[in-house]
Structure formats: C-alpha cells, structure tokens
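A.B. asks: First to last, the sequence lines map onto chains A and B.
In terms of the UniProt record's numbering, the first sequence opens at residue 1 and continues consecutively.
In terms of the UniProt record's numbering, the second sequence opens at residue 1 and continues consecutively.
We put the CB at the ideal spot given by N, CA and C, even for glycine.
Small disclaimer: the values here were computed from a predicted structure and weren't measured.
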Amino acid sequence: MPSTRTWLQAGGGTVVAALLVAAVVQAVHSSAMWRSNDPVGECGATSGGAVVAAQNVLHASTGLEPVDGSWDASSRVAAEAFQAYNGLPVTGCVDESTWVTMRALLVGVCDPGFECRGPDHRVRYWSPDGARVTYFAENDCDWGSVVPPGVARSPVSSEAVVALSRDAVTEIECGG
Amino acid sequence: MVTTIDEPRIRPEWLLGGAVTLLGAIVIVVVTLVLGAREEEPVVAPADAADLTAGTCAADLPQPHWVPEAVTRAVVECPSDISVGIGRTTAEDHLGTWITYPLDGEVNAETLGGGPGPGWPADEVRAGAHHPASAVLYVAYPGSSEVSDELSGDTVTVEWQDLPESRGEARVTRVDNNGYGPVRVEWTDDTGSYLLLSTVGRTPTGSAGPTVDQLLRMADSVGAQEG
Numbered sequence: 001m002p003s004t005r006t007w008l009q010a011g012g013g014t015v016v017a018a019l020l021v022a023a024v025v026q027a028v029h030s031s032a033m034w035r036s037n038d039p040v041g042e043c044g045a046t047s048g049g050a051v052v053a054a055q056n057v058l059h060a061s062t063g064l065e066p067v068d069g070s071w072d073a074s075s076r077v078a079a080e081a082f083q084a085y086n087g088l089p090v091t092g093c094v095d096e097s098t099w100v101t102m103r104a105l106l107v108g109v110c111d112p113g114f115e116c117r118g119p120d121h122r123v124r125y126w127s128p129d130g131a132r133v134t135y136f137a138e139n140d141c142d143w144g145s146v147v148p149p150g151v152a153r154s155p156v157s158s159e160a161v162v163a164l165s166r167d168a169v170t171e172i173e174c175g176g
Numbered sequence: 001m002v003t004t005i006d007e008p009r010i011r012p013e014w015l016l017g018g019a020v021t022l023l024g025a026i027v028i029v030v031v032t033l034v035l036g037a038r039e040e041e042p043v044v045a046p047a048d049a050a051d052l053t054a055g056t057c058a059a060d061l062p063q064p065h066w067v068p069e070a071v072t073r074a075v076v077e078c079p080s081d082i083s084v085g086i087g088r089t090t091a092e093d094h095l096g097t098w099i100t101y102p103l104d105g106e107v108n109a110e111t112l113g114g115g116p117g118p119g120w121p122a123d124e125v126r127a128g129a130h131h132p133a134s135a136v137l138y139v140a141y142p143g144s145s146e147v148s149d150e151l152s153g154d155t156v157t158v159e160w161q162d163l164p165e166s167r168g169e170a171r172v173t174r175v176d177n178n179g180y181g182p183v184r185v186e187w188t189d190d191t192g193s194y195l196l197l198s199t200v201g202r203t204p205t206g207s208a209g210p211t212v213d214q215l216l217r218m219a220d221s222v223g224a225q226e227g
C-alpha cells in the first residue's frame, strides 16, 4: 500500500510534468502563431482578435482607421494595398503568407533575450506626417496586439492587450 | 548750292524701349539662372552617414557610416521617447535606439492620401500604387549579445552573410514574395545587437526601398570604422 508521502510525491511530479508540458505547448504555440493564425478577411474571420492584429499592422502600413476588430471594405482595400506593395497575391485575404510578411515587420523594443514588461514589439512606418506605430506583446503570454490611442474603437481599447488567437475580442494580461 | 544733311538723332522713345528690353532680358537671364541653380542643387549625403545623427542621443552609438544615395537625413528615437510611447515603466537601459533613414525619390514617397477605402481605385491598389514611404530602420541594442528569434515560413529565407569590412557576419531574413517583401539584417558584436529592417516594395514604376546589397553594405559599415 503506497504511503501518503508516496502519493504526495507522485502528485507533485504529475503537476510539475503538466506545467512543463503546458509551457512547451504555449512556447510552440506562441512562436508558431503567426503562421498558424486563422485566415482573416475575404477568406476567413471577419471579426475577433485576429482581425484586430491584422488591422493593427494595416494601420501602421497603410493608415487604416479605426481598428475595431470588424473587417470592412476599408480593411479589405488596406489588405490588398499591403499585399500589392509586398509582392503578395492581391486577394484581400490575410492568409499564411500575409501573416508571415506582417510578422517580419515586428521589431523588439527591448534587447533580444530580455523580457520587458507590456508591449515589447513595434511596427513602425515613417511618414512625412509623423510615424505610424502599433504595438504587440509577446513576453509571458500569448501574442497580443496593442492598438494606439486614437485608432482603437470599441470593443477594442487602446490600453488593452488583445489576444490574437481568440474568436472574439478578448483582453489578456501580460504581466512580464 | 548748299546741301543740308540732318544729323541722325536718337529719339527718346528708342532709348526708353531699348532700356526696357535690356532690363527684361537681364531679368529673364537672372531668373533662369536662379531657378536652374535650385533645380540642379545637388542634395548630397554627408561623407560619413554618422553625421546625420550628430547632436542626438544616437551620436555616440555604433551606426552605419554608409547609406544609399537616396538617404539624406535620419530621424532618431531615443530610449526615453520609446518608453513614453509604450506608456508603461520599462527599463530604458534595455531599450534600443531607433534611427530611421527615409529614402528620397518619387518611387519612395508615401502615396496614402486619405487612407485606404473604396475611394482607392482597384486597379491602382492592385498595381501597388498606394504604399507607405520607403525607409531603412536601424535599431541598436547596446549591451545585448543576441539577435531576435529566427522567423520561419514557406516564403522565408534565412542565411548568414559575411560582413568583410567589419569581419563579422549577419543573419539576413527575407520574406521573399516574388522578389519583394521585408528584409531583416541582424548581427551582434562586442558592444551590442543590431537590426536593419526595410521593405523591397512593388510599385507601378518599379521597386521602392533599398536593395539587399545596400542593406548589407550599411550593416558592414557599422563595424568597419568602429575598430
């Protein structure tokens, strides 16, 4: 008959193993998210967190406003312009190749290897009228997009980190 | 017989007309010379591109000493500026300093007037006529010895390229969309970690932005005169 101590050791080991598996799964999911992200736009989701992320990049690259998580005619035109300029097939669909192109535009604000708090990546386009900047957060949570003030519109808040992989606009905490 | 020969007389109106004509000619010549001089005034980048950041927080940082001819200015963002933009407390000593080099020329100019929407003709959008301004972004992370996580994807190519002048090598990441798309050049040295980012853009009149070779030459120039 196993003793209480044995049960406790087994239980503790199980918990530790579960945490390790969860961490690995999250890390894999986090790094792969930009490729495995669901399509957005003409071929996929027309609302939700992934739409917020796509609109966030399109704001910086084309001046799209507002960013509200709802795909509309302006979002489609912005996606097409982004695709054309980047040599992609012009479909209005934010598919895998478009996501990867967007991902390559993200630049860490902190030293590579250092986990800073809050929004830790930026997409920045210089403009004669002033740079357009949007933020993303990775650090200790899933990737999330952070929409700049004046660009976000309800249900998106400019103060929030909006999860990319959720169906609806869902705020997440990235404590760092 | 006495013959009287009238002496030729210069009539005042002739003098007035001549003077006005001469004055007009002088004005035309001067205006032409001035305008011509303005048109031909060369916009020359400084011999050392580091001069573009003189007097800023980036002045003492390792930075490109060479930039493409289309670059005539630099816009610097200091860590304190970036910290304010983030709106959260972040250790500034871990933030990078960003230098943006806008590229001059019609093909590199921003054409986003009014923002995207149904007002943009579809054929223009498909041709790449509506695009952001071209620029090269350089970020220096002092004290870091790593580069960012490697990207992957069907259209992503990653290769390490030698930087002969600085005796190092850089990781070149391209999202190669039929010859266009973002290009990242990243490397480290004894003092920090660095990134160059730009986009080879497709426009109706040709490619916008720098070439990959130009980005590599910029990267190589950072360490070339540091040692």
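Around the C-beta of A:SER75, are 16 or more other C-beta atoms found within 10 angstroms, so that it is buried, or is it exposed?
C.D. replies: buried
A.B. asks: Is there a Cβ from chain A that is less than 8 Å from the Cβ of B:GLU40?
C.D. replies: In this prediction, B:GLU40 scores a pLDDT of 47, lower than 50, which makes its location untrustworthy; no coordinate-derived value is stated.
A.B. asks: Can you give me the Cβ contacts of B:ASP189 inside the same chain, cut-off strictly under 7 Å, excluding the 5 residues immediately before and after it?
C.D. replies: GLY168 and GLY223
A.B. asks: If we ignore side chains and look at the alpha-carbon of each, how far apart do B:GLU106 and B:ASP48 end up?
C.D. replies: 25 Å
A.B. asks: Check the Cβ of A:ALA53 against every Cβ in chain B and list those closer than 9 Å, keeping chain order.
C.D. replies: Ordered by position in chain B, no residue passes the 9 Å Cβ test against A:ALA53, which lies about 16 Å from the chain.
A.B. asks: Strictly by DSSP, which residues pair up with B:GLU159?
C.D. replies: B:VAL172
A.B. asks: A:GLY87 by DSSP, collapsed to three states: which one?
C.D. replies: coil
A.B. asks: Express the C-alpha separation of A:ALA45 and A:ASN37 in angstroms, rounding to a whole number.
C.D. replies: 10 Å
A.B. asks: According to DSSP, is B:SER221 helix, strand or coil?
C.D. replies: helix
A.B. asks: Helix, strand or coil: which one does DSSP assign to B:GLU40?
C.D. replies: Any reading at B:GLU40 must be qualified, since the residue scores a pLDDT of 47, below 50, and its modelled position is unreliable; the value itself is stated next. Correct three-state label for B:GLU40: helix.
A.B. asks: Which runs of the beta strand (DSSP E) spanning at least 3 residues fall entirely within the stretch 65-130 of chain A, listed in chain order?
C.D. replies: 121-125
A.B. asks: Look up B:ILE10 in the DSSP assignment and say whether it is helix, strand or coil.
C.D. replies: coil
A.B. asks: DSSP state of B:LEU216, grouped into three classes?
C.D. replies: It is helical.
A.B. asks: Could you have a look at B:VAL29 and say whether DSSP puts it in helix, strand or coil?
C.D. replies: helix
A.B. asks: Do B:TYR141 and B:TYR101 count as a contact pair if the criterion is CB distance below 8 Å?
C.D. replies: no
A.B. asks: Exposed or buried, A:THR134, counting other C-beta atoms within 10 Å across all chains shown (16 or more means buried)?
C.D. replies: buried
A.B. asks: Which class does A:GLY49 belong to by DSSP, given the choice of helix, strand or coil?
C.D. replies: helix
A.B. asks: Identify whether B:LEU151 lies in helix, strand or coil by the three-state DSSP scheme.
C.D. replies: coil
A.B. asks: What number of angstroms, rounded off, separates the C-alpha of A:GLU96 from the C-alpha of A:LEU88?
C.D. replies: 11 Å
A.B. asks: Which residue's Cα is closest to the Cα of A:CYS70: A:GLN55, A:PRO39, A:TRP7 and A:ASN86?
C.D. replies: The question names Cys, yet the displayed sequence has Ser at residue 70 of chain A. Closest option to A:SER70, Cα to Cα, is A:GLN55.
A.B. asks: Could you say if the stretch 69-86 of chain B and the stretch 173-192 of chain B meet the contact criterion of at least three C-beta pairs nearer than 8 Å?
C.D. replies: no
A.B. asks: Alpha carbon to alpha carbon, how far is B:PRO62 from B:GLY24?
C.D. replies: 56 Å
A.B. asks: Would you say B:HIS65 and A:CYS116 are within 8 Å of each other, going by their C-beta atoms?
C.D. replies: no
A.B. asks: Does any C-beta atom of chain A lie closer than 8 Å to the C-beta of B:LEU216?
C.D. replies: no
A.B. asks: What are the start and end residues of the beta strand (DSSP E) that includes A:VAL162?
C.D. replies: 161-163
A.B. asks: Determine the chain A residues that contact B:TRP120 at a beta-carbon separation under 8 Å, and present them in chain order.
C.D. replies: VAL77 and ALA81
A.B. asks: Alpha carbon to alpha carbon, what distance is there between A:SER127 and B:VAL125?
C.D. replies: 19 Å
A.B. asks: Take A:ASP167 and list the residues in its own chain whose beta-carbon comes closer than 7 Å to its own, dropping the five residues that flank it on each side.
C.D. replies: GLY48
A.B. asks: Near A:ALA27, which residues of its chain fall below 8 Å by C-beta distance, leaving aside the five closest residues on each side in sequence?
C.D. replies: With a pLDDT of 49 at A:ALA27, under the threshold of 50, the predicted position of this residue should be treated as unreliable, though the coordinate-derived value follows. When the five nearest sequence neighbours on each side are left out, no beta carbon in the same chain lies closer than 8 Å to the beta carbon of A:ALA27.
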